[in-house]
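*Asks:* Residue numbering for the sequence shown follows numbering that gives the first Met the number 0, beginning at 0 and increasing consecutively. Glycine included, every Cβ here is placed at the ideal spot set by N, Cα and C. Please read all numbers here as calculations on a predicted model, not as lab measurements. What follows is a structure written as structure tokens; I'll ask about it next.
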Amino acid sequence: MATLAAPPPRGTGEARMALLAVPALLLLLLPGVAGATCCYLAKGNLMCRDVCEQILASKSDSHLKHLLQRAPEYCPESMGEVWGCINSSLPDIGSFFITDLSCLIWFGPAFCLRHTEMDASVLPPTGCSSLFACLSEGVLKKSDGWVGLGCCELAIVVECRQACKQASSKNDIVKICRKEYENSLYSCINRNEMGSVCCSYAGHHTNCREYCQAIFRTDSSPGPSQIKAVESYCASVSPQLIHCVNNYTQSYPMRNSTDSLYCCDRAEDYACQTACKRILMSMKTELEIVDGLIESCKTMPLPQDPLWQCFLESSRSVHPGVTAHPPPSTGLDGAKLHCCSKANTSRCRELCTKLYSSSWGNTQSWQEFDRVCEYNSLEVSMLTCLADVREPCQLGCRNLTYCTNFNNRPTELFRSCNAQSDQGAMNDMKLWEKGSIKMPFINIPVLDIKKCQPEMWKAIACSLQIKPCHSKSRGSIICKSDCVEILKKCGDLSNFPEGHKAESICELLSPTDDLETCIPLDTYLRPSTLGNVVEDVTHPCNPNPCAANQLCEVNRRGCQPGEPCLPYFCVQGCKLGEASDFIVRQGTLIQVPSSTGDVGCYKICTCGQSGLLENCMEMHCVDLQKSCIVGGQKKSHGTSFDIDCNVCSCFAGNLICSTRQCLNEHSSDDEHHMFTGLPCNCADQFVPVCGQNGRTYPSACIARCAGLQDNQFEFGSCISKDPCNPNPCLKSQRCIPKPQVCLTSFEKFGCNQYECVPRQFSCGDQLREPVCDTDNIEYNNLCTLHQKGKSISYRGPCQSFCKSVELVCGQNGEIYNSVCAAYSDRVAIDYYGPCQAVGALSHYSSQGECVSVKCPPLSATGCKPVIPPGACCPLCAGMLRVLYDKEKLDTFARITNKRPITVLEILQKIRLHVSVPQCDVFGYLSIESEIVILIVPVDQNPRPLQIEACNKEAEKIQSLINSDSPALASHVPLSALRTAQVKVSDRKPSSCGQVMPTARVLFWGLILAFLATACNT
0 MATLAAPPPR
10 GTGEARMALL
20 AVPALLLLLL
30 PGVAGATCCY
40 LAKGNLMCRD
50 VCEQILASKS
60 DSHLKHLLQR
70 APEYCPESMG
80 EVWGCINSSL
90 PDIGSFFITD
100 LSCLIWFGPA
110 FCLRHTEMDA
120 SVLPPTGCSS
130 LFACLSEGVL
140 KKSDGWVGLG
150 CCELAIVVEC
160 RQACKQASSK
170 NDIVKICRKE
180 YENSLYSCIN
190 RNEMGSVCCS
200 YAGHHTNCRE
210 YCQAIFRTDS
220 SPGPSQIKAV
230 ESYCASVSPQ
240 LIHCVNNYTQ
250 SYPMRNSTDS
260 LYCCDRAEDY
270 ACQTACKRIL
280 MSMKTELEIV
290 DGLIESCKTM
300 PLPQDPLWQC
310 FLESSRSVHP
320 GVTAHPPPST
330 GLDGAKLHCC
340 SKANTSRCRE
350 LCTKLYSSSW
360 GNTQSWQEFD
370 RVCEYNSLEV
380 SMLTCLADVR
390 EPCQLGCRNL
400 TYCTNFNNRP
410 TELFRSCNAQ
420 SDQGAMNDMK
430 LWEKGSIKMP
440 FINIPVLDIK
450 KCQPEMWKAI
460 ACSLQIKPCH
470 SKSRGSIICK
480 SDCVEILKKC
490 GDLSNFPEGH
500 KAESICELLS
510 PTDDLETCIP
520 LDTYLRPSTL
530 GNVVEDVTHP
540 CNPNPCAANQ
550 LCEVNRRGCQ
560 PGEPCLPYFC
570 VQGCKLGEAS
580 DFIVRQGTLI
590 QVPSSTGDVG
600 CYKICTCGQS
610 GLLENCMEMH
620 CVDLQKSCIV
630 GGQKKSHGTS
640 FDIDCNVCSC
650 FAGNLICSTR
660 QCLNEHSSDD
670 EHHMFTGLPC
680 NCADQFVPVC
690 GQNGRTYPSA
700 CIARCAGLQD
710 NQFEFGSCIS
720 KDPCNPNPCL
730 KSQRCIPKPQ
740 VCLTSFEKFG
750 CNQYECVPRQ
760 FSCGDQLREP
770 VCDTDNIEYN
780 NLCTLHQKGK
790 SISYRGPCQS
800 FCKSVELVCG
810 QNGEIYNSVC
820 AAYSDRVAID
830 YYGPCQAVGA
840 LSHYSSQGEC
850 VSVKCPPLSA
860 TGCKPVIPPG
870 ACCPLCAGML
880 RVLYDKEKLD
890 TFARITNKRP
900 ITVLEILQKI
910 RLHVSVPQCD
920 VFGYLSIESE
930 IVILIVPVDQ
940 NPRPLQIEAC
950 NKEAEKIQSL
960 INSDSPALAS
970 HVPLSALRTA
980 QVKVSDRKPS
990 SCGQVMPTAR
1000 VLFWGLILAF
1010 LATACNT
């Protein structure tokens, strides 16, 4: 790279005059009005004007440096007149350079100059726009690769991410990666460049280098512990490094010690809690705080003490790996690291682990991963998993201005329906018009696509960018037949790479025509026919309205009178690693792979209030290479298969199967006649018993078949028992019934149907969690209800239609006092009245006792309903039957809070993954020991589109479970769900039904035109 020419000395020469222009020159003559006039030059950009005024009014060096570092976000480098004016108005500009470096970095725009050729007091020229241009000849040549490489995963646009991975310098990406879209990427690159310069002074001193690099790893304020670690390990190594790091860290405001107040609640002693809060609010330095806590709490700062663990963790602020004994880490991206175990080839597994564990690898590793793995048909599982982390499939697409045929599709799934991808498709078309499609491993010459099948090419460009994905496979590749057809018609066949034809190229790009895994292009050659009915299904979290460190959740609770009512909530979360965009909910338990990348090794962490994963506990590693032997045949880890009528899953050598009663085609007539379909072929009789797991079974026979001993159940339904009689709680506590169905071993972790709560005099500090009493009066929480001496009817706001007691039978065979009581348990209604039958599960038998049940009418006449196992009545819903790993759940319970894991916990967490507010989640533990999950339209008379949306959500959840996707598997206890089968309420054929194109609809042309016309008349 050519050496930058030295600029003229400050205030002299024609170049200097051109830089400042007339208004800036006047400012040199009239310094008293410099501030006001400088900022007036930015009048067209109010944000820039505001920052300008703050800069020129600042009295603090550290605050000024901070403002100068942030200012380019608001005042782009193109505003040279403003920057020249500001520079001239700061008399001691030289103090803002980092001295004693081979390159001098100014904490403003990316200005730079060669230290060896000019004096530090010389004003950097406006045209010096790339810091890398200055650094690449010097310090950066000492590194293993381009320092911006580790930032590539932060790129939003796919082409930008690809260009970044293949770049050798920042100059290689500036034409592809637009700064207005890629703030996170450029911020990361600039930070890495500063870190590369500073940390290069560490030489061969590994500890010093590691602690220095930790300062620059995330865009957060470095904590006191981090800075101390650098000073301790690097002071004797390089004073220049200390000076360089100080220049960077002082650009951030001081961390407020009161940010750690929440840690005080972790102290076991009340006096210590009180003293802790007083100390944090009154003392300033970390040393004072530590001494005060030791004295007041009579305890030493041991890492296993919850108070000290929390305080020390929060004082690190940026990331935990900065003490002499760093706590467990998630690696650079724990979610993507989870995907590496799905690689089918050892090379791709090694590369994936290297790139996402503790090191980003080098340029060669990224390029090899793209070349060997990114388009490898053997690695579909790993690649789909990585896509789920980077761009999860979401229902709905709208507001596109270029790829307009993709709009108005509320029941189809897309990975990247947004303005950036829309723009990216248009950019792709412009590049392809030049006659070549560039892929990582092959260039495809094409004819003039403006004349040859332009609409087909547009559909290809938009499909590659918007990424439609199937609800079952989540695949996003174009079908092979479409690929072959377009290349035969429009490929420049005479210039194809040697040895290649259309078929062989498409074999690399789109190796399948399976409509479960590929996208047929004719779906998107025409606009959607839905028109205005798309409003029947909404997507409040797509596009994401929340901040980068927050999760968007659908508002299903409604709003209080007078409150602003948004259809979503933004909740605080944690990232799964320093370079991860995968966010998990604050306060939840998370399973992440070991940061070493060892396959099968995981730990459980909590997403803390600090925004970091904390309190991590290692789990025993499992052997993911271990297979299961079934009937003399080997079944590999992660596979699901059928044995007779039962579905089975092999996980690390552990075989899990459903317990359905089977009858094969060779059975005799007598066997057919005697077959009930119930577990263990139990009689079709309803004499309920209550198991110690909290589940009501239709009979003792079925309870025994589920594995319960005679002393582990009693006759009568569970809801009929009073768990508070006799009172199991202390005198200072109140006993409250709390029905629950436990999935963990009740022998080990219990399954109490009650909870003991303190008898409080005041409920003012309790959270609002509305409950309704038996008189249909609502209270803010249980505490208030019991303070008034009332009894709970159900959890949740009071509903007018549940005022009177009207017994209903839930699909789980349990009796509830009202629909609302059932719904608060996430149980859907089977029929009105007390439970009186168990639904037969046999195709051969009649409905047995269910014939006497009067089922409610179907909510919609246009659907083919499903009947949940053990229930009597059909409903319109998407239904999942899920196998779970009881041993895994027991492990979670043992190493976390020693409390049982319940069906309700599973349903509540699954509910967060259903993004359409017109659908809700219900479920129960079936008599066949599967978890039944129902995704049901919430409207009383749902529209066809709403039923279709719930079906798609069910298929999406099934696919995430079966593929062990991090979207679910990162969450405890969802990672114990092993395999799922789905059945959906397909709509009955209708000559004038809503014509709903999906990624599998192939009948277009006259048929579609006829239906659309006929149904609009």
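(1) Taking just the CA atoms, how far does lysine 457 sit from glycine 434?
(2) Would you grab the beta carbon distance between threonine 537 and proline 916 for me? Rounded to a whole angstrom, and I think it's under 8 Å.
(3) What do you reckon, are the CB atoms on asparagine 692 and valine 740 nearer than 8 Å?
(4) Check each candidate in Arg414, Leu412, Thr298 and Pro453 and name the one with the smallest Cα separation from proline 428.
(5) Consult DSSP for isoleucine 172 and reduce its assignment to one of helix, strand or coil.
(6) Hey, quick one: how far does the alpha helix (DSSP H) through proline 943 stretch, first residue to last?
(7) If I follow the unbroken beta strand (DSSP E) through tyrosine 567, where does it start and stop?
(8) Which residues share a DSSP beta bridge with proline 444?
(9) Would you say leucine 742 and lysine 885 are within 8 Å of each other, going by their C-beta atoms?
(10) Quick one: using the 10 Å Cβ neighbour count with 16 as the cut-off for buried, is threonine 860 buried or exposed?
(11) As a quick exercise: from Phe640, Ala651 and Thr638, pick the residue whose alpha carbon is nearest that of histidine 619.
(12) Below 8 Å, can you find three or more Cβ-Cβ pairs linking the stretch 518-530 to the stretch 756-768?
(13) Does the ligand ADP have even one heavy atom less than 7 Å from the beta-carbon of proline 391?
(14) Please state the DSSP three-state secondary structure of glutamate 80.
(15) Exposed or buried, glutamate 287, counting other C-beta atoms within 10 Å across all chains shown (16 or more means buried)?
(16) First and last residue of the beta strand (DSSP E) that includes leucine 879?
(17) What is the DSSP secondary structure of proline 409, counted as helix, strand or coil?
(18) Give me, in chain order, the residues of the same chain whose beta-carbon lies closer than 8 Å to that of leucine 888; leave out the 5 immediate sequence neighbours on both sides.
(19) With a threshold of 6 Å on Cβ separation, who are the neighbours of serine 635 within its own chain once the five nearest residues in sequence on each side are excluded?
(20) Using CA atoms only, rank isn't needed, just tell me which of Arg265, Pro738 and Gln786 is closest to glutamine 759.
(21) Nearest to glutamate 169 by CA position, among Cys150, Val156 and Ala270, is which residue?
(22) Report all residues from its chain with a CB closer than 7 Å to the CB of aspartate 264; omit the five preceding and five following residues, and keep chain order.
(23) Runs of 4 residues minimum, wholly inside the stretch 481-512: which ones carry the alpha helix (DSSP H) assignment?
(24) Does the beta-carbon distance from leucine 394 to threonine 410 come in below 8 Å?
(25) Is the stretch 936-944 touching the stretch 767-783 in the sense that three or more CB pairs, one from each, lie closer than 8 Å?
(26) How many Å lie between phenylalanine 581 and proline 391 at the Cα?
(27) Judging by CA-CA distance, which residue of Ser364, Ser376, Gly333 and Ser698 is the nearest neighbour of threonine 344?
(28) Strictly by DSSP, which residues pair up with lysine 982?
(29) DSSP state of arginine 733, grouped into three classes?
(30) Using the beta-carbon count (16 or more within 10 Å), is cysteine 661 buried or exposed?
(31) Report the option in Gln907, His337 and Cys275 whose CA atom is closest to the CA atom of glutamate 294.
(32) Indicate whether cysteine 649 and threonine 638 have their beta-carbon atoms separated by less than 8 Å.
(33) Looking at C-alpha atoms only, which residue of Pro936, Pro833, Val920 and Tyr830 is the closest neighbour of serine 858?
(34) Thinking C-alpha only, which one of Asn726, Asp774 and Ser731 is nearest tyrosine 753?
(35) Buried or exposed, going by whether 16 or more other CB atoms sit within 10 Å of the CB of valine 913?
(36) How should cysteine 849 be labelled, buried or exposed, when 16 other C-beta atoms within 10 angstroms of its C-beta is the threshold for buried?
*Replies:* On the basis of the supplied data:
(1) Distance between the alpha carbons of glycine 434 and lysine 457 is about 15 Å.
(2) With 8 Å as the limit, threonine 537 and proline 916 qualify as a contact, their Cβ atoms being about 6 Å apart.
(3) Cβ atoms of asparagine 692 and valine 740: closer than 8 Å.
(4) The sequence as given places methionine at residue 428; proline does not occur at that position. Among Arg414, Leu412, Thr298 and Pro453, the Cα nearest to that of methionine 428 belongs to Pro453.
(5) Taken through DSSP and simplified to helix, strand or coil, isoleucine 172 comes out as coil.
(6) Its alpha helix (DSSP H) spans residues 943-961.
(7) For tyrosine 567, the enclosing beta strand (DSSP E) begins and ends at 567-574.
(8) Beta-bridge pairing links proline 444 to Ser435.
(9) For leucine 742 and lysine 885, yes; Cβs fall inside 8 Å.
(10) Under this definition threonine 860 is an exposed residue.
(11) Residue Ala651 holds the alpha-carbon nearest to the alpha-carbon of histidine 619 among Phe640, Ala651 and Thr638.
(12) The stretch 756-768 and the stretch 518-530 do not touch, with fewer than three beta-carbon pairs separated by less than 8 Å.
(13) The ligand ADP is absent from the structure shown, which contains no ligand whatsoever.
(14) DSSP, reduced to helix, strand and coil, places glutamate 80 within a helical segment of the structure shown.
(15) Exposed, since its Cβ has fewer than 16 Cβ neighbours within 10 Å.
(16) Following the DSSP letters along the chain, one finds leucine 879 inside the beta strand (DSSP E) bounded by residues 877-883.
(17) Of the three classes helix, strand and coil, the one that applies to proline 409 here is coil, per DSSP.
(18) So the qualifying residues of the chain are Leu742, Thr743, Ile900, Pro972 and Ala975.
(19) When the five nearest sequence neighbours on each side are left out, the beta carbons in the same chain lying within less than 6 Å of the beta carbon of serine 635 are those of Ser626, in order along the chain.
(20) Comparing Cα positions, the closest option is Gln786.
(21) Looking at the sequence itself, residue 169 is lysine, so the reference to glutamate does not match. With distances taken between CA atoms, lysine 169 lies nearest to Cys150 out of Cys150, Val156 and Ala270.
(22) Sequence-distant Cβ neighbours of aspartate 264 in its own chain, meaning closer than 7 Å and more than five residues away, are Gln272.
(23) You should have 501-508.
(24) Yes, they are a contact pair.
(25) Between the stretch 767-783 and the stretch 936-944, the count of C-beta pairs closer than 8 Å stays below three; the two stretches do not touch.
(26) Approximately 10 Å, taken between the alpha carbons.
(27) When only C-alpha atoms are compared, the closest one is Ser376.
(28) Answer is Met878.
(29) Strand.
(30) Answer is exposed; the Cβ neighbour count stays below 16.
(31) Nearest C-alpha to glutamate 294: Cys275.
(32) Going by C-beta atoms, cysteine 649 is nearer than 8 Å to threonine 638.
(33) Minimum Cα distance to serine 858 is reached at Pro936.
(34) Comparing Cα positions, the closest option is Asn726.
(35) Buried, because 16 or more other Cβ atoms sit within 10 Å of the Cβ of valine 913.
(36) Burial of cysteine 849 is indicated by the presence of at least 16 other C-beta atoms within 10 angstroms of its C-beta.
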